[in-house]
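In what follows, a single structure is set out as structure tokens and then discussed.
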Amino acid sequence: MAIERGITLSNVSGSGDNGRIIKRDIENFNSSNVLSNKNIISSGKESLVEFANSQMRKTIAKRLSQSKFSAPHYYLGVEFDMDNLISFRNQHNHVTESKISFNDLIIKATAKALKAHPEVNSRWYDDKIIHHNHVHIGVAVAVEEGLVVPVVKFADEKSLSQIGELVKDYAARARGKKLTPTEMDGSTFTISNLGMYGISEFTSIINQPNSAILSVGAIIQKPIVKDGKIVIGNTLKLTLACDHRTVDGATGSFFLKTLRNFIENPVSILL
Numbered sequence: 015m016a017i018e019r020g021i022t023l024s025n026v027s028g029s030g031d032n033g034r035i036i037k038r039d040i041e042n043f044n045s046s047n048v049l050s051n052k053n054i055i056s057s058g059k060e061s062l063v064e065f066a067n068s069q070m071r072k073t074i075a076k077r078l079s080q081s082k083f084s085a086p087h088y089y090l091g092v093e094f095d096m097d098n099l100i101s102f103r104n105q106h107n108h109v110t111e112s113k114i115s116f117n118d119l120i121i122k123a124t125a126k127a128l129k130a131h132p133e134v135n136s137r138w139y140d141d142k143i144i145h146h147n148h149v150h151i152g153v154a155v156a157v158e159e160g161l162v163v164p165v166v167k168f169a170d171e172k173s174l175s176q177i178g179e180l181v182k183d184y185a186a187r188a189r190g191k192k193l194t195p196t197e198m199d200g201s202t203f204t205i206s207n208l209g210m211y212g213i214s215e216f217t218s219i220i221n222q223p224n225s226a227i228l229s230v231g232a233i234i235q236k237p238i239v240k241d242g243k244i245v246i247g248n249t250l251k252l253t254l255a256c257d258h259r260t261v262d263g264a265t266g267s268f269f270l271k272t273l274r275n276f277i278e279n280p281v282s283i284l285l
């Protein structure tokens with residue numbers, strides 16, 4: 015019957031047992047309900063827009079590719095309790111004219127942790143490893159053409175207010191393409207923060223010749239356990255990317271443990 019009517023059985027829905035096609039299905043079949051190929055062909059046209067790579071984009075591509083392929087990366091992730099730091103920042107900004115951000119606090123805490131763990135504040139050479147006694151923290155800043163990394167030099171010696179003012183100035187001048195080469199040179203460690211974009215956690219490529227980079231996510235409110243009770247707390251996830259040639263896993267872990275102490279006990283940042 016199907017052949018006589020020119021019906022393709024694969025287009026017919028069976029109503030019999032286990033989906034079997036029966037006579038009634040063929041008699042009731044309406045070919046107009048079957049979409050032909052010509053009914054679903056899109057009339058759209060493929061298109062693209064081509065952009066020439068800027069010198070900045072070429073430099074970023076070259077440096078990050080070299081880092082990824084020459085330095086054996088590994089990653090350590092942690093989650094910090096931010097309740098005390100939030101309270102500390104609120105009190106600081108309430109009594110001072112110079113307002114600080116969470117990123118400023120993280121820069122300061124990281125600088126102090128690096129002083130305690132110079133192995134992380136290091137640089138690889140083929141025949142030697144250098145531990146820097148000074149702490150120069152690069153702060154990744156997104157700009158229209160890509161990314162620049164101005165450097166907060168001697169970050170461990172600067173006050174929170176000094177760090178805050180400097181980072182604000184760097185960010186403004188970075189977007190105006192007014193940073194000098196000297197201001198982007200000499201970092202010993204780098205921090206990249208995407209928390210303001212709502213990113214909870216991520217990993218970064220090491221900004222060589224640094225041995226490590228810290229990726230900072232957004233502060234998230236969620237249920238946590240405190241003193242045996244479930245409460246709503248504020249948490250922050252950070253990921254440390256390390257060059258395994260210079261920083262072993264235990265070394266990176268000890269650094270993060272020290273950083274945790276500064277972040278979760280923020281008064282210690284000022285000591």
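Numbering (this note's numbering) for the sequence shown: 15 to 285.
Where is the CB? At the ideal position from N, CA and C, for every residue including glycine.
Would F276 and K142 be called neighbours here (beta carbons separated by less than 9 Å)? no
Residue environment, F102, which counts as buried when at least 16 other CB atoms sit within 10 Å: buried
Beta carbon proximity, V165 to chain C, threshold 9 Å: The structure shown contains no chain C, having only a single protein chain.
Looking at the structure shown, is S27 part of a helix, part of a strand, or coil, going by DSSP? coil
With three or more beta-carbon pairs closer than 8 Å as the criterion, would you say the region 239-249 touches the region 220-230? no
When E159, L174 and Q105 are compared against I120, the one with the closest alpha-carbon: L174
Should P164 go down as buried or exposed, given a rule of 16 or more other Cβ atoms within 10 Å for buried? buried
Rounded to whole angstroms, what's the CA-CA distance from A264 to L128? Just pull it up for me. 15 Å
Measuring only the C-alpha atoms, how far is K82 from S27? 55 Å
Tell me the rounded alpha-carbon separation between I205 and A154. 6 Å
Could you give the first and the last residue of the continuous beta strand (DSSP E) run that contains H106? Unbroken run through H106 is the alpha helix (DSSP H), D97 to V109; no beta strand (DSSP E).
Does the separation of the CB atoms of W138 and D257 fall below 9 Å? yes
Let me know the alpha helix (DSSP H) ranges lying completely inside the region 150-219, each 4 residues or longer, listed in chain order. 174-189
CA nearest to the CA of D118, picked from H145, S136, I177 and V109: I177
Could you check which residue in S267, Q235 and R38 has the C-alpha nearest to that of N248? Q235
Quick check on I74: does DSSP put it in helix, strand or coil? helix
Give me the Cβ distance between A130 and V149, rounded to the nearest whole Å; I'm assuming they're in contact under 8 Å. Wrong, their Cβ atoms sit about 11 Å apart, outside the cutoff.
Roughly how many angstroms lie between the CA atoms of H108 and K271, to the nearest whole one? 29 Å
Which whole-angstrom value is the C-beta distance of R71 and G160, which I expect to be below 8 Å? 5 Å
With which residues is D257 paired in a DSSP beta bridge? H87
Per-residue burial, I283 [other beta carbons within 10 Å of its own, 16 or more giving buried]: buried
Look at the Cβ atom of L273, then the Cβ atom of A123, and state whether they are nearer than 9 Å. yes
Can you grab the Cα-Cα spacing for the pair T194 / T202, in whole Å? 18 Å
Rounded distance between the beta-carbons of K192 and G91, thought under 8 Å: Rounded, the Cβ-Cβ distance is 36 Å, inconsistent with contact.
In whole angstroms, what separates the C-alpha of S14 from that of P223? The chain is shown only over 15 to 285; residue 14 falls outside these bounds and no answer can be derived.
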